[in-house]
Amino acid sequence: MNVGQLVGSYLRAKPLNTVLNIFLLALGIAVITVLLLFNKQLQQKIEENVKGIDLVVGAKGSPLQLILCSIFHIDFPTGNIKLPEAEQLARHRLIKRAIPLALGDSYRGYRIVGTGRAYADLYGAEVEQGTWWNRDLEVVAGANVARYGNLKVGDKVVSQHGLSEEGSHHDEHSLVCTGVLKKTGSVLDNLLLTNVATVWAVHEEHEEHETHDAVPGDSIANPSALVPGIEAGDSTREITSLLIEFRNPMAAIQLPRYINTQTNMQAASPAFETARLFSLLGTGADVLTAFAYVIIFISGLSIFIALYNSLKERRYDLAIMRSMGASRPRLFFTIVAEGVTLTSVGSIFGLLLGHGVLWLFTEAVKESSQTGFTAFVFYPEELWMLGASLVLGFICSLIPAVQAYRTDIHKVLAG
Amino acid sequence: MIQVSGLQYQYPNATALSFPDFVVEKGEHLLLLGNSGSGKTTLLHLLGGLLKVKAGSIRVGTADLATLSEPEMDRFRGRHYGFIFQRNHLIQALSVKNNLLMAPFLAGLPPDEHRAEHVLHQLNLGDKIHARVNQLSQGQAQRVAIARAILNKPDVILADEPTSALDDQNCERVAGLLLQIATENNATLIVATHDQRLKSKIQNRIQL
């Protein structure tokens with residue numbers, strides 16, 4: 001016989017009450033856990049994807065759209081910018097590195113990005129099978145594209161215009177997959193990478209053969225800094241955006257203003273725009289969190305009422321226990337132990353439930369596993385929740401425990 | 416063993432109750448007789464340390480109950496007393512065995528399952544060890560309460576109206592068992608009751 005057995009016996013003696021109390025708390029904790037896991041991972045993904053990109057420069061329009069399009073690849077481009085303008089900007093003394101992006105096509109819903117190797121290096125990408133692209137019309141596939149899009153090294157890649165799978169096909173100029181990348185956990189996993197010229201080539205064909213000589217590499221006198229393989233200052237060429245890394249903190253102040261006022265392009269800060277996005281999403285999450293806290297409050301109330309009521313029935317039990325030598329603190333402790341047991345079991349169950357729900361979600365929804373969400377990570381906040389639920393148990397059982405402490409043995413046993 | 420002198424007790428807004436002086440030797444038994452309201456439960460609770468001695472003194476062995484602090488009294492009760500009440504007041508949530516083992520647990524003694532089994536056999540309840548309390552008849556429950564009271568081999572067994580709720584047959588049986596088991600364990604049995612049927616069982620008596 002020990003306190004654990006005693007508490008367990010009392011809890012088992014009222015199974016429905018116990019289950020209800022545990023379930024209520026577990027529900028509240030589970031909602032918070034899911035939000036926590038989701039939010040944390042989303043934030044982490046965003047940070048990973050934004051890493052090394054201080055500024056995005058593209059055509060004028062919505063800055064959020066530019067960020068969503070150029071970094072997360074979940075929106076359409078704001079338009080195109082002229083290559084000479086981009087080249088000129090890339091030479092700016094405050095810019096350490098500028099990576100060009102040419103967008104516009106996709107393969108089975110996965111975006112084809114015309115860029116340079118520097119873009120892949122940004123996310124530390126490595127080739128798992130095959131090789132990097134070496135010439136025009138060669139692509140490498142991100143890990144998820146290969147896996148879920150069934151793409152292997154050597155396969156033909158038929159691209160579509162736009163991002164939807166129903167877009168018009170560029171049948172005549174099919175691309176070849178030369179490599180598959182290792183999983184990076186970044187947006188790269190869902191992309192096909194190639195050089196800028198490939199995107200141009202596919203589109204020229206789409207735009208009814210607007211004449212451009214397929215320039216052989218050796219005849220270029222002054223190659224473009226952004227797109228090796230063509231002449232610098234080719235005003236007929238366009239790209240979608242530039243990903244920029246600053247040379248020093250000064251740039252954060254000067255560059256955006258310079259670009260927005262002195263050029264036809266716009267500059268958008270990933271940090272600022274994602275923070276704005278989060279504050280928009282945050283409202284929904286806040287409502288859910290508040291809802292979860294209401295559930296937890298009700299579960300606390302329910303535990304309090306259950307203990308308070310059971311104490312009336314247990315008046316004799318408590319008095320008898322005193323007559324057998326139990327001290328007042330011991331009765332206090334027994335009641336508190338009961339409350340704390342309920343809340344700790346409830347919160348452990350809730351944490352498991354939260355992870356379980358996210359696991360089911362990642363299993364059921366293809367996109368979520370592609371974005372790298374997982375149910376099998378644990379955050380320190382979860383320990384905090386566990387700790388807080390112990391405190392909750394203590395608070396709920398405090399009044400009943402004080403009553404137990406004050407039990408007048410003589411009155412109860414003589415009455 | 417037990418020595419009572421000049422004992423008085425006053426409830427708020429009531430006249431003081433005075434109790435006669437008496438001495439009970441170890442192994443002797445005592446009957447506290449009186450009608451309801453005569454103060455026999457009060458005396459029993461004073462003897463058991465459930466009420467604090469405020470005037471006069473009660474000595475149990477070497478201890479003066481008036482001088483014990485509350486935690487000391489709790490400890491003292493656990494080690495030296497066994498209580499039996501009119502209603503048996505077993506803990507419903509626990510099995511018979513765990514009800515018995517509460518006694519050593521709350522007294523801070525090591526649990527002794529063999530002792531629990533032994534005592535249950537003594538009281539003819541050997542087959543009920545794993546039963547739930549609500550599966551017992553009233554007579555059986557009262558016997559479990561007796562088993563619990565003597566489990567820690569107490570020096571003193573205090574019984575408050577242990578037979579009042581029982582019919583003649585059960586009364587006879589419980590009274591017999593109480594005496595027998597108290598004698599076997601060399602414990603002093605003090606019974607507070609208005610039940611005249613017990614008069615013939617215990618010679619030593621105090622009329623309140």
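So the sequence lines, in the order shown, correspond to chains W and E.
If you use this note's numbering, the first sequence corresponds to residues 1 to 415, in order.
If you use this note's numbering, the second sequence corresponds to residues 416 to 623, in order.
Glycine included, each C-beta is placed from N, C-alpha and C at the ideal position.
Source: prediction; values computed, not measured.
9 angstroms Cβ cutoff, residue i in contact with chain W
i, result
"Glu-485(E)", "yes"
"Leu-516(E)", "yes"
"Ile-506(E)", "yes"
"Asn-450(E)", "no"
"Thr-430(E)", "no"
"His-533(E)", "no"
"Thr-603(E)", "no"
"Thr-578(E)", "no"
C-beta neighbour in chain C for residue i, strict 9 angstroms
i, result
"Ile-409(W)", "In summary, chain C is missing from the structure at hand, where the protein chains are W and E."
Cutoff 8 angstroms; reference residue i; Cβ partners in own chain excluding five residues on either side
i, result
"Glu-338(W)", "Val-7, Tyr-10, Leu-11, Leu-307 and Ser-397"
"Ser-62(W)", "Thr-78"
"Leu-20(W)", "Ser-302"
"Asn-619(E)", "Val-439, Glu-443, His-444, Leu-445 and Leu-446"
"Gln-266(W)", "Val-57, Gly-58, Ala-59, Lys-60, Gly-61, Pro-63, Leu-66, Thr-78, Ile-259 and Asn-260"
"Leu-122(W)", "Lys-51, Gly-52, Ile-53, Ile-99 and Leu-243"
"Leu-35(W)", "Ala-285, Leu-288, Thr-289 and Ala-292"
"Phe-332(W)", "Ala-401, Val-402, Ala-404 and Tyr-405"
Spatial neighbours of residue i in its chain, beta-carbon cut-off 7 angstroms, leaving aside the 5 residues before and after
i, result
"Pro-569(E)", "His-495, Tyr-496, Gly-497 and Ala-602"
"Gly-471(E)", "Ser-420, Gly-421, Leu-422 and Gln-423"
"Ile-74(W)", "Leu-68"
"Lys-183(W)", "Ala-143 and Asp-189"
"Arg-530(E)", "Leu-566"
CB contact check: residue i to chain E, cutoff 9 angstroms
i, result
"Asp-317(W)", "yes"
"Ser-323(W)", "yes"
"Ile-320(W)", "yes"
"Tyr-293(W)", "no"
"Leu-311(W)", "no"
"Gln-403(W)", "no"
"Asn-2(W)", "yes"
"Leu-388(W)", "Here residue 388(W) is Ala; the residue named in the question, Leu, does not match the sequence. No, its Cβ sits nowhere closer than 9 angstroms to a Cβ of chain E."
"Ser-344(W)", "no"
"Leu-6(W)", "yes"
"Ala-414(W)", "yes"
"Tyr-10(W)", "yes"
Classification of residue i by the beta-carbon crowding that lies within 10 angstroms, buried from 16 upward
i, result
"Ser-389(W)", "buried"
"Phe-291(W)", "exposed"
"His-355(W)", "buried"
"Pro-400(W)", "buried"
"Pro-256(W)", "buried"
"Arg-135(W)", "exposed"
"Lys-543(E)", "buried"
"Glu-313(W)", "exposed"
"Gly-463(E)", "buried"
"Arg-111(W)", "buried"
Cβ distance (whole Å) where residue i is taken to contact residue j below 8 angstroms
i, j, result
"Gly-436(W)", "Ala-102(W)", "Look at the range of chain W in this structure, 1 to 415, and you will see that residue 436(W) is not part of it."
"Ile-348(W)", "Leu-465(E)", "40 angstroms between Cβ atoms; not a contact."
"Leu-342(W)", "Thr-18(W)", "7 angstroms"
"Asn-503(E)", "Ala-560(E)", "4 angstroms"
"Gly-446(E)", "Ile-617(E)", "At residue 446(E) the sequence reads Leu, which differs from the Gly that was named. About 4 angstroms; that satisfies the 8 angstroms criterion."
"Ile-295(W)", "Leu-27(W)", "5 angstroms"
Contacts around residue i, its chain only, beta-carbon distance under 6 angstroms, and the 5 residues preceding and following it disregarded
i, result
"Lys-152(W)", "none"
"Val-548(E)", "Leu-505 and Gln-507"
"Gln-418(E)", "Val-438 and Arg-474"
"Glu-273(W)", "Pro-63, Leu-64 and Ile-67"
"Gln-44(W)", "none"
"Cys-586(E)", "Thr-578 and Arg-612"
"Arg-97(W)", "Glu-245"
Closer than 8 angstroms: residue i CB and nearest the ligand NAD heavy atom
i, result
"Ala-429(E)", "Questions concerning the ligand NAD fall outside what the structure shown contains, since it holds no ligand whatsoever."
List, from N- to C-terminal side, the alpha helix (DSSP H) runs of 4 residues or more that fit wholly inside the segment 313-385 of chain W. 315-323, 328-364 and 366-370
Which runs of the beta strand (DSSP E) fall wholly inside the segment 458-489 of chain E and span at least 3 residues, in chain order? DSSP assignment within the segment 458-489 of chain E yields the following whole beta strand (DSSP E) runs of 3 residues or more, N-terminal first: 470-475.
Fully enclosed by the segment 125-169 of chain W, which beta strand (DSSP E) runs are 3 residues long or longer? 127-130 and 138-141
For a minimum of 4 consecutive residues, which ranges assigned as the alpha helix (DSSP H) are wholly contained in the segment 82-113 of chain W? 83-90
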